[in-house]
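Here's the structure we're looking at; comments come further down.
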Amino acid sequence: MYRYDEFDHQLVGERVTQFRGQVERRVSGELSEDAFKPLRLMNGVYLQLHAYMLRVAIPYGTLSSKQLRMQAHIARKYDRGYGHFTTRQNIQFNWPALDKIPDLLEELATVEMHAIQTSGNCIRNVTADQYAGAIDNEVEDPRIISEIIRQWSTFHPEFTYLPRKFKIAVTGHDNDRAAIKLHDIGIVIKQNELGDIGYEIHVGGGQGRTPFIAKKMADFVPKAQLLAYLEAVMRVYNRLGRRDNSYKARIKIMVHETGEEEMRRLIEAEFAKIDASQMLSVPQAEVDRISAYFANPAFAALPATSAAMETAQKQDADFARWVRANIVPHKQDGYAIVNISLKPIGGVPGDATDVQMEAVADLAERYSFDEIRVTHEQNLVLPHVRLDDLKTVYDELQAHELATANLGLISDTIACPGLDYCNLANARSIPLAQEISERFADLDRQYDIGELKIKISGCINACGHHHVGHIGILGVDKKGTEFYQISLGGSADENASIGTITGRAFTEETIVDAIETVVTTYKDMRQDGERFIDTYRRVGLDPFKERLYA
Amino acid sequence: MHKDYQLVKDGALCQDEWHYSDDETALSDAPTIISLTRLKAEAEVLRARNAKLGVRLLADGNGKTKLGEDVAELAPYLDMLSLVSIDFPTYRNGRGFSAARILREQFNFDGELRASGDVLHDQWAMMRRCGITAFELAPTVSLEVFTKAMDELSEAYQPASDDQRGALWKRHA
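Protein sequences appear in the order of chains A and B. Those letters in the first sequence? Residues 16 to 565, per my numbering, in order. Those letters in the second sequence? Residues 49 to 221, per my numbering, in order.
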């Protein structure tokens with residue numbers, strides 16, 4: 016894991032002092048809420064429906080046990096005993112008092128974390144594949160370049176007041192778990208025929224009220240030129256992106272209106288100028304220094320299978336189901352990637368209590384080389400667990416209600432905070448996610464349905480990723496009543512697609528039945544081995560529409 | 049027009065030798081800041097004028113997207129210009145940060161770059177990093193507050209138009 020050096024410590028520390036001054040000026044009345052707003056946003060502080068909300072960055076989704084314990088401590092001391100993991104590898108605290116936030120940030124800095132640029136129209140927290148360094152067939156650990164991007168983008172003097180927010184995601188694997196095509200810039204690490212490593216760059220993806228899949232702008236940007244290329248994209252956007260209408264201000268709209276070819280030409284012209292100076296070519300010694308932090312942990316040489324695990328699977332059917340759903344093969348023999356679902360049946364997607372966070376931190380320390388990952392699907396991961404330890408880890412997770420065996424299944428829903436917390440929302444998301452998970456609570460039924468991603472947003476801003484849900488649900492408000500629109504066929508992976516709306520919206524009373532109808536329709540039509548998305552892509556929207564509106 | 053500010057240049061309060069002119073008034077020999085429209089229209093005549101000339105780059109333009117004037121339009125006139133005043137119509141509009149860097153790093157402009165308009169306390173230091181040397185501050189801001197704000201962050205992570213190399217490079221200098 017990356018560790019701060021004196022530069023990082025100094026800058027993050029100075030930022031806390033700076034923000035303390037700003038909060039004091041706000042509390043004393045010297046700063047109006049209006050003048051304070053851009054300052055607090057740059058430090059992750061939002062004003063929500065009921066209170067200030069603080070969003071803490073978990074760069075590229077990696078946490079140490081000590082860092083996760085600090086989140087538990089913050090939840091207890093400054094909040095109401097829980098935190099909410101978001102779809103962008105951040106954690107949010109919903110109830111901190113404004114005048115205590117500088118203290119909170121100071122404590123956070125002691126474990127090398129911050130809330131810098133988690134909001135505002137700047138380059139946000141860089142996200143990455145949660146299985147980085149653990150999954151087989153990875154070209155390179157995406158966290159190395161993500162950390163370089165984190166540093167380059169932090170307090171960037173030119174790109175902190177962009178037309179709109181800007182999100183970057185990185186994957187080093189063919190299977191995209193970071194939804195890179197739905198980011199302003201998505202980066203895929205590639206190896207060319209010569210064996211050199213470089214980057215495929217996608218620009219202009221995004222969700223919100225106008226969803227777009229990113230366009231591939233460059234096939235292969237050599238390693239040394241990545242920051243120059245990124246700076247070129249940012250400068251073209253900052254110079255020519257629209258500022259007249261905040262709904263048209265994201266780079267996705269610019270790419271769409273400018274056209275892919277012209278956009279590519281603009282970026283390449285700027286890139287040529289920036290790259291000529293060589294100023295942004297990171298020294299190899301620095302790349303090596305950062306890479307060393309992400310080297311493999313000291314894996315033991317183990318057999319590929321574990322007798323202890325196999326025996327436990329035979330004796331404990333629940334454990335066997337959890338292994339089947341939540342365990343992913345590791346690149347190292349004898350190890351596994353453990354997914355911890357934060358979607359208990361009837362629970363709030365992405366929430367974890369202080370006690371749960373401490374339990375996960377303890378498990379990571381004992382069984383996963385002190386590492387935890389956070390996923391954009393709002394779950395946690397223990398990336399490096401021995402097969403021999405799986406049953407012990409499972410039992411402890413079970414004791415903390417963290418062993419729900421539903422990864423990628425219908426109850427593993429993404430949901431935004433919705434009308435329960437958010438001042439933009441039109442409808443509640445969390446209660447609907449809870450109802451759906453209760454309706455489909457039976458795990459055997461969930462396995463039978465197979466991989467099915469439901470994503471729920473409480474408004475058109477799409478924080479719950481409804482556009483890319485296999486089944487997407489969008490909350491809309493009609494004359495003060497909450498309605499829910501269904502879309503089908505979205506996907507956030509390497510075959511990203513935007514879902515299609517089925518037709519008129521459903522009421523709060525009928526929406527869960529409608530979801531059940533969609534599921535039944537799929538089950539009636541699926542052919543051998545087809546997942547929901549496969550069947551949908553084969554048969555299209557019509558059969559679903561017919562049944563939904565019969 | 050537009051003189052409700054105090055000028056801080058290279059870190060010190062100073063008398064502004066410049067004034068802004070509209071597009072109609074005949075130009076004197078005093079240092080004058082004109083619009084880009086006028087610069088383009090009267091370039092030939094202005095080139096012959098034997099006095100300091102500055103131009104104001106407006107960020108709030110006309111047309112469908114109100115994008116504002118583009119720094120690239122200054123390229124043919126750089127030899128005539130001693131000053132570019134970059135307009136920040138609201139603190140949210142950071143377009144001028146790119147204009148400043150392009151002037152310094154790509155056009156090698158070495159005259160005065162000043163920030164005018166709605167500039168936040170916490171943007172001054174970033175503007176300096178982008179090559180801005182003069183600030184039109186609200187009369188209520190004290191030089192002490194300004195100077196302190198400039199030093200709130202002692203290091204930078206990335207290179208820009210100033211001489212800070214950035215941590216990613218400095219670690220191995």
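In this text, a Cβ means the ideal position worked out from N, Cα and C, and glycines have one as well. Note that the coordinates shown come from a computational prediction; the quantities given were computed from them, not determined experimentally.
Span separating the alpha-carbon of residue i from that of residue j
i: A147/A; j: Q299/A; result: 21 Å
i: C178/B; j: P172/A; result: 7 Å
i: F384/A; j: H399/A; result: 7 Å
i: N152/A; j: H188/A; result: 7 Å
i: D404/A; j: L395/A; result: 18 Å
i: K470/A; j: G102/B; result: 55 Å
i: R97/B; j: L122/B; result: 18 Å
i: K180/A; j: N141/B; result: 13 Å
i: S134/A; j: E121/A; result: 19 Å
i: I116/A; j: I180/B; result: 32 Å
i: M49/B; j: Y68/B; result: Only weak support is given to the placement of M49/B: the predicted model assigns it a pLDDT of 45, under 50, and the value that follows is read from those uncertain coordinates. In a straight line, the C-alpha of M49/B is about 7 Å away from that of Y68/B.
i: T142/A; j: D191/A; result: 12 Å
i: S12/A; j: V218/A; result: The structure shown does not extend to residue 12/A, since chain A is modelled only from 16 to 565, so the question has no answer here.
i: I138/A; j: S168/A; result: 6 Å
i: F286/A; j: E275/A; result: 16 Å
i: L168/B; j: M16/A; result: 36 Å
Contacting residues, own chain, Cβ-Cβ under 8 Å from residue i (five flanking each side not counted)
i: Y436/A; result: Q63, L64, H65, M68 and N109
i: I342/A; result: A351, I352, V353, N354 and L405
i: R149/B; result: C178, G179, A208 and S209
i: T550/A; result: Y537, M540, R541 and Q542
i: M128/A; result: V71, A72, I73, Q82 and M85
7 Å Cβ shell around residue i - same chain, five flanking residues per side excluded
i: F309/A; result: G148, D156, R158 and I159
i: L126/B; result: F155 and F157
i: D64/B; result: L55
i: D166/B; result: F136, P137, T138 and Y139
Same chain only: Cβ atoms within 6 Å of residue i, ignoring 5 sequence neighbours per side
i: I289/A; result: A243, E246 and A247
i: R86/B; result: D71
i: V126/A; result: K81, Q82 and M85
i: A335/A; result: Q328
i: E277/A; result: none
i: K100/B; result: P79 and S130
i: A477/A; result: Q222 and G223
CB contact below 9 Å: residue i versus chain A
i: A123/B; result: no
i: P187/B; result: no
i: S146/B; result: yes
i: W217/B; result: yes
i: A91/B; result: no
i: A204/B; result: yes
i: M49/B; result: For M49/B, the pLDDT reaches just 45, beneath the cut-off of 50, and the residue's location in the model is therefore unreliable, leaving the point undetermined.
i: P79/B; result: no
i: A208/B; result: yes
i: M174/B; result: yes
Residues sharing a beta bridge with residue i, DSSP
i: Y67/A; result: L62/A
i: H67/B; result: T80/B
i: P344/A; result: A351/A
i: S164/B; result: D135/B
i: C62/B; result: L55/B
i: Q222/A; result: Partner(s): none; Q222/A has no beta bridge.
i: H217/A; result: G201/A and K231/A
i: R104/B; result: S83/B and S133/B
Near the ligand HEM: residue i beta-carbon under 8 Å from a heavy atom
i: Q330/A; result: Ligands are entirely absent from the displayed structure, and the ligand HEM is therefore not among its contents.
Proximity test, Cβ basis, 9 Å: residue i and chain B
i: I501/A; result: no
i: F174/A; result: yes
i: P53/A; result: yes
i: T225/A; result: no
i: S292/A; result: yes
i: W167/A; result: yes
i: R258/A; result: yes
i: V141/A; result: no
Inter-residue CB distance, residue i and residue j (contact presumed, cutoff 8 Å)
i: S321/A; j: L197/A; result: That belief does not hold up - the Cβ atoms of S321/A and L197/A are roughly 37 Å apart, past 8 Å.
i: S452/A; j: S426/A; result: 4 Å
i: R257/A; j: D199/A; result: Actually they do not touch by this definition, with Cβ atoms about 14 Å apart.
i: F559/A; j: T517/A; result: 6 Å
i: Y53/B; j: E192/B; result: Not confirmed; about 17 Å, so no contact.
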